[in-house]
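Student: Input: one structure, supplied below.
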Amino acid sequence: MLAWLICIPGWIAVSMMPSQYQANARIYADPEALLGTLLKGLAADSSPARQVEMLQRTLLSRPNMERVIARTDLDMRVRDTASREQLIEALSRDIKITLQTRQLFRIDYTDRDPRLAYEVVRTIIALFMEAATSNDRQQMQSARTFLQHQITSYEVQLREAEQRRAEFRARYADILPSETLGGGTRLEQARGKLNDLRGSLADEQTRRDLLRKQLESTPANFAAPAGGAGGGRLAEAERQLRELRLRYTDQHPDVVAQRSVIAELRASGGGGGGGTAQRPGTGAPNPAHEQVRIRLVDADAQVASLERQVTAMQGEVARLENLVRTAPHVQAEFQNIDRDYAVLRKNYEELLARREALQIAGAARTDGNPMRLEVVEPPTVPIQPAGPNRLLFSAGVLAAGIGAGLALMMLLVTLDSGFYTIHDLRSIGLPVLGGVSSATAPPRRVLASVVFVAGFLILLGAFGAFQMVGPKIAAKLPELLTRLMA
Numbered sequence: 022m023l024a025w026l027i028c029i030p031g032w033i034a035v036s037m038m039p040s041q042y043q044a045n046a047r048i049y050a051d052p053e054a055l056l057g058t059l060l061k062g063l064a065a066d067s068s069p070a071r072q073v074e075m076l077q078r079t080l081l082s083r084p085n086m087e088r089v090i091a092r093t094d095l096d097m098r099v100r101d102t103a104s105r106e107q108l109i110e111a112l113s114r115d116i117k118i119t120l121q122t123r124q125l126f127r128i129d130y131t132d133r134d135p136r137l138a139y140e141v142v143r144t145i146i147a148l149f150m151e152a153a154t155s156n157d158r159q160q161m162q163s164a165r166t167f168l169q170h171q172i173t174s175y176e177v178q179l180r181e182a183e184q185r186r187a188e189f190r191a192r193y194a195d196i197l198p199s200e201t202l203g204g205g206t207r208l209e210q211a212r213g214k215l216n217d218l219r220g221s222l223a224d225e226q227t228r229r230d231l232l233r234k235q236l237e238s239t240p241a242n243f244a245a246p247a248g249g250a251g252g253g254r255l256a257e258a259e260r261q262l263r264e265l266r267l268r269y270t271d272q273h274p275d276v277v278a279q280r281s282v283i284a285e286l287r288a289s290g291g292g293g294g295g296g297t298a299q300r301p302g303t304g305a306p307n308p309a310h311e312q313v314r315i316r317l318v319d320a321d322a323q324v325a326s327l328e329r330q331v332t333a334m335q336g337e338v339a340r341l342e343n344l345v346r347t348a349p350h351v352q353a354e355f356q357n358i359d360r361d362y363a364v365l366r367k368n369y370e371e372l373l374a375r376r377e378a379l380q381i382a383g384a385a386r387t388d389g390n391p392m393r394l395e396v397v398e399p400p401t402v403p404i405q406p407a408g409p410n411r412l413l414f415s416a417g418v419l420a421a422g423i424g425a426g427l428a429l430m431m432l433l434v435t436l437d438s439g440f441y442t443i444h445d446l447r448s449i450g451l452p453v454l455g456g457v458s459s460a461t462a463p464p465r466r467v468l469a470s471v472v473f474v475a476g477f478l479i480l481l482g483a484f485g486a487f488q489m490v491g492p493k494i495a496a497k498l499p500e501l502l503t504r505l506m507a
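Our numbering applies: residue 22 is where the sequence shown begins, and numbers increase by one.
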């Protein structure tokens, strides 16, 4: 009886428990942190998982919960300030945002009104997208501010480094590498020029010696013919031509000049006249000799000029070598200054490039989606309730009723002071002569067992029947109570 008294009200209470409907949605978010992307390699960047986690924390804040209440029918449940606070706390507790993968998470909300559960989840998705867009704009502005600040700072540092580099280079211009010299120093340039001058001087000296020998072998005047030998001058000119051709090519100026002389002699009939006799050495001047002499004078002048240049360049090389020996730390100090300048310039140029990239990204995000958000599983109005688990609760009530009945039975057995067998009388120490059994009625214990088993089976049957018709009765029970109260 006690089990019935516990189970029937308990099952009615379970049936009257309001159904809970759960609405859910899944969202894929790819929040590439703009500041971290732009400053990759220059500064520590934030991971997308942290950005999603930040959005989750801010999404369940009090202002957002108030927006959810205002955009849905939840404001109809607000009666006063206390109920509003309780509703905000309940929303923050009941709205579940679960990260399933690195960029896929789920939003769940459970309420007794299926339409309201759907509206809450839909509003949360809208707030999430608004928060993502706002966060993206904040990152864009933060990135612009950071880049501009860094560019301004690097401009100042770069100007100072350029000034130091220029002053140091001007102070030690003689021993530092020069960009106009292809990265070489003036000492290296002077040494190279000195070697070139020495080579040119050696070539000019050789040419001058050859001209001297040629001048010595070339007569100043043609030999005068003796006793009517009119072809003597012509023969002498041809002999000189043969000697010149042994030393030079046919295009050499001396060879060409000597051929001109032979042509003139042949045109004048051999250079001699009749039987007129002339003395040796009193012939006509030799034009080849004059040309060689002029060329020798030019060679002497060129050699003298090269000697002066070599002497001057030797003095310059000696001066630069002495300067290098007296300042060995200059090269190392300049390398440090140049290295600092190169690092500053590289970072400055990279920041300028990223500022341009930021402007392009800002234009692209103005026309497109600032953050990749995709609702993989949109929310729907739930049809089947997600809870409570009435079968589980009803089974719990049944177990509680049976347990209470068994406990009551054990208590009654314990408190029962009657005697039902001869053994019970003998157990208290009284002498028992015998016993008379009933000839018509069954034993009381058998009857009690049958009653207990039948009651238990009926209770199980009532449990099964209640699971089938209980929800319908419970659904109509509030209406019946309302009518009775009216």
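Every residue gets a Cβ at the ideal spot worked out from N, C-alpha and C, and that includes glycine.
#1: So, using beta-carbon positions, are E151 and D94 closer together than 8 Å?
#2: P406 to L436, Cα distance in whole Å?
#3: Less than 7 Å between the CB of T131 and some heavy atom of the ligand COA, yes or no?
#4: Using DSSP bridges, identify the partner residues of D321.
#5: Look up L125 in the DSSP assignment and say whether it is helix, strand or coil.
#6: If I'm right that V313 touches D275 with Cβ under 8 Å, what's the distance once you round it to whole angstroms?
#7: Using the Cα positions of Y130 and R92, report the straight-line distance between them to the nearest angstrom.
#8: When you compare each of Y269, A486, N45 and L427 to P135 by their alpha carbons, which one comes out closest?
#9: Label M86 either buried or exposed according to how many other C-beta atoms from any shown protein chain fall within 10 Å of its C-beta, with 16 as the threshold for buried.
#10: Using a threshold of 8 Å, state whether the C-beta atoms of V331 and L215 are closer than that.
#11: Give the secondary structure of V177 by DSSP, where H, G and I count as helix, E and B as strand, and everything else as coil.
#12: Determine the burial state of N410: buried for a count of at least 16 other Cβ atoms within 10 Å of its Cβ, exposed for fewer.
#13: Give me whichever residues DSSP pairs with N307 in a beta bridge.
#14: In terms of residues, what are the limits of the alpha helix (DSSP H) holding L231?
#15: Distance, Cα to Cα, T79 vs Q124?
#16: Closest to E110 by C-alpha separation, out of A278, P84 and Q261, would be which residue?
#17: Going by CA-CA distance only, name the one from N357, R219, A211 and H273 that's closest to L232.
#18: Out of G482, Q178 and G31, which one is the CA nearest neighbour of F414?
#19: When the Cα of L286 is compared with those of A486, S36 and E257, which residue comes out closest?
#20: Leaving aside the five residues before and after L480 along the sequence, list all residues of the same chain whose C-beta is less than 8 Å from its C-beta, in chain order.
#21: Taking the alpha-carbon of Q41 as reference, which of Q121, R133, D115 and D101 has the nearest alpha-carbon?
#22: Keeping to the same chain, check which residues put their C-beta closer than 6 Å to that of R340; ignore five residues upstream and five downstream.
#23: How would you call V364, buried or exposed, if buried means at least 16 neighbouring beta carbons within 10 angstroms?
#24: What did DSSP end up calling N45 once you bin it into helix, strand or coil?
#25: Return the CA-CA distance between L446 and M22, expressed in angstroms with no decimal places.
#26: Quick check on the DSSP output: what are the complete beta strand (DSSP E) runs of length 3 or more inside the stretch 411–453, in order along the chain?
#27: Which residues bound the beta strand (DSSP E) around T119?
#28: Among the candidates E259, A182, T270 and T119, whose CA atom is the shortest distance from the CA of Q279?
#29: Rounded to the nearest angstrom, what separates G248 and S289 at their Cα positions?
#30: Use the C-beta contact count for I128: other C-beta atoms within 10 angstroms, 16 or more gives buried, fewer gives exposed.
#31: Tell me the DSSP secondary structure of Y193 in three-state form.
#32: Can you round the beta-carbon distance between L168 and L344 to whole angstroms, since I take them to be within the 8 Å contact cut?
#33: Identify whether T102 lies in helix, strand or coil by the three-state DSSP scheme.
#34: For P400, which residues in the same chain have their Cβ closer than 6 Å to its Cβ, ignoring the five residues on either side in sequence?
Tutor: In brief:
#1: Working through the sequence shown from its first residue, we reach residue 151 at position 130. Working through the sequence shown from its first residue, we reach residue 94 at position 73. Their beta carbons are not under 8 Å apart, which means E151 does not touch D94 by this criterion.
#2: By 1-based counting over the sequence shown, the position of residue 406 is 385. By 1-based counting over the sequence shown, the position of residue 436 is 415. Rounded to whole angstroms, P406 and L436 show a C-alpha spacing of 48 Å.
#3: The ligand content of the structure shown is nil, which means the ligand COA is not present either.
#4: Translated into positions along the sequence shown, residue 321 becomes position 300. DSSP lists no partner for D321.
#5: Position 104 of the sequence shown holds residue 125. L125 falls in the strand class under three-state DSSP.
#6: For the purposes of this step, residue 313 is taken as the residue at position 292 of the sequence shown. For the purposes of this step, residue 275 is taken as the residue at position 254 of the sequence shown. With a Cβ gap of about 7 Å, V313 and D275 count as contacting.
#7: Position 109 of the sequence shown, counting from 1, holds the residue named residue 130. Position 71 of the sequence shown, counting from 1, holds the residue named residue 92. If I take the Cα positions, the gap works out to 16 Å.
#8: In the sequence shown, the residue the question calls residue 135 occupies position 114. Minimum Cα distance to P135 is reached at N45.
#9: Here residue 86 corresponds to residue number 65 of the sequence shown, with the count starting at 1. So M86 counts as buried.
#10: Locating residue 331 in the sequence shown gives position 310, counting from the first residue. Locating residue 215 in the sequence shown gives position 194, counting from the first residue. Taking 8 Å as the Cβ cut-off, V331 and L215 qualify as a contacting pair.
#11: What you label residue 177 is simply residue 156 of the sequence shown in a count that begins at 1. Reduced to three states, the DSSP call for V177 is helix.
#12: The count along the sequence shown starts at 1 and reaches residue 410 at position 389. Burial call: exposed.
#13: Position 286 of the sequence shown holds residue 307. Note: N307 sits in no beta bridge, so no partner.
#14: Locating residue 231 in the sequence shown gives position 210, where the first residue counts as 1. R207 to S238 is the extent of the alpha helix (DSSP H) around L231.
#15: Position 58 of the sequence shown, counting from 1, holds the residue named residue 79. Position 103 of the sequence shown, counting from 1, holds the residue named residue 124. Approximately 17 Å, taken between the alpha carbons.
#16: For this step, residue 110 is matched to residue 89 along the sequence shown. It is P84.
#17: Taking the first residue of the sequence shown as position 1, residue 232 is located at position 211. The candidate whose alpha carbon is nearest that of L232 is H273.
#18: Position 393 of the sequence shown holds residue 414. Per the Cα distances, G31.
#19: For the purposes of this step, residue 286 is taken as residue 265 along the sequence shown, with counting starting at 1. Measuring from the Cα of L286, the nearest candidate turns out to be E257.
#20: Here residue 480 corresponds to residue number 459 of the sequence shown, with the count starting at 1. For L480, where only same-chain residues beyond five positions count, the Cβ hits under 8 Å are A24, W25, C28, L419, G422 and I423.
#21: Translated into the one-based positions of the sequence shown, residue 41 becomes position 20. Per the Cα distances, R133.
#22: Position 319 of the sequence shown holds residue 340. Nothing listed; no residue qualifies.
#23: Within the sequence shown, the letter at position 343 stands for residue 364. When all chains shown are included, V364 counts as exposed.
#24: By one-based count along the sequence shown, residue 45 stands at place 24. It is a strand residue.
#25: Along the sequence shown, one-based indexing puts residue 446 at 425. Along the sequence shown, one-based indexing puts residue 22 at 1. Rounded to the nearest angstrom, the two C-alpha atoms are 30 Å apart.
#26: none
#27: Numbered from 1 along the sequence shown, position 98 holds the residue referred to as residue 119. Per DSSP, T119 belongs to the beta strand (DSSP E) from K117 to L120.
#28: For this step, residue 279 is matched to residue 258 along the sequence shown. Here the closest residue by C-alpha is E259.
#29: Start at 1 with the first residue of the sequence shown, and residue 248 comes out as number 227. Start at 1 with the first residue of the sequence shown, and residue 289 comes out as number 268. With a pLDDT of 44 at G248, under the threshold of 50, the modelled position of that residue is not reliable, and no figure is offered here.
#30: Counted from its first residue, the sequence shown places residue 128 at position 107. Buried, by the Cβ-count rule.
#31: Position 172 of the sequence shown holds residue 193. In the structure shown, Y193 sits in coil (DSSP, three-state: anything other than H, G, I, E or B).
#32: Translated into the one-based positions of the sequence shown, residue 168 becomes position 147. Translated into the one-based positions of the sequence shown, residue 344 becomes position 323. That belief does not hold up - the Cβ atoms of L168 and L344 are roughly 45 Å apart, past 8 Å.
#33: For the purposes of this step, residue 102 is identified with residue 81 of the sequence shown, where counting begins at 1. In this structure, T102 counts as helix in the three-state DSSP scheme.
#34: On the sequence shown, position 379 is the one that residue 400 refers to. Cβ within range, chain order: A44, A46, Y139, V142 and R143.
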